[in-house]
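Numbering (our numbering), first residue to last: 103 to 289.
A short write-up of the structure that comes next.
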């Protein structure tokens, strides 16, 4: 696992794209601050960059770095979440411009799963996390469901957890506006 983390970080530091297990399903990832790497992920997914992708971070402290004014309620939501929770915040900053939605928002999830948390800690920057599929195709529940075509388009495929056959669910998604108003996007 240590070698996987080192190699994934090296590839992302060089602007590359990885395929990796997250706290939910397998994801396509890259340095969330690198505009060119983010553009490649959109290309791989064959989706327009007006459709935003979320990012993973390893601790709530990091949310502050990527969001201008974090509504107070966000800290409570992060603390009490008993399953993976993506929160869409207004006022995104310090991220690749093509990762930020037209309204200035970004979806951020604080991961508590061992591998993706450690990967975020070692990489020290937010990591893009978008389902490992071409846009419009079903999201793969596990590694065995990822197409060979997609595997061949990334620069590095993590070896860890490839054999798992579970069917994890995607995260819940909540949108928070500046006033702290909560809108549930996906339960």
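Every residue gets a Cβ at the ideal spot worked out from N, C-alpha and C, and that includes glycine.
Here the structure is a predicted model, which is why all the values come from computation and not from measurement.
A distance below 7 Å between beta-carbons, with the five flanking residues on each side excluded, links residue 255 to the following residues of its chain, in chain order: 146. Collapsing the DSSP output to three states places residue 283 in coil. With a contact defined as Cβ atoms closer than 8 Å, residue 230 and residue 154 miss out at about 10 Å.
Per the DSSP secondary-structure output, residue 133 pairs in a beta bridge with 229. Residue 248 holds the alpha-carbon nearest to the alpha-carbon of residue 267 among 209, 199, 248, 204. Counting the other Cβ atoms within 10 Å of the Cβ of residue 199 gives fewer than 16, which makes it exposed.
At a Cβ-Cβ threshold of 7 Å, residue 271 and residue 287 do not count as neighbours. For residue 260, there is no enclosing alpha helix (DSSP H), as DSSP gives it neither H nor E. Here the alpha carbon of residue 120 sits roughly 23 Å from the alpha carbon of residue 167. In terms of Cβ geometry, residue 236 and residue 209 do not form a close pair [threshold 7 Å]. Separation of residue 228 and residue 128 (C-alpha to C-alpha, rounded to the nearest whole angstrom) is 17 Å. Counting only residues of its own chain and dropping the five nearest sequence neighbours on each side, residue 195 has a CB closer than 6 Å to the CB of 170. As a beta-bridge residue in DSSP terms, residue 274 pairs with 187. DSSP, reduced to helix, strand and coil, places residue 211 within a strand of the structure shown.
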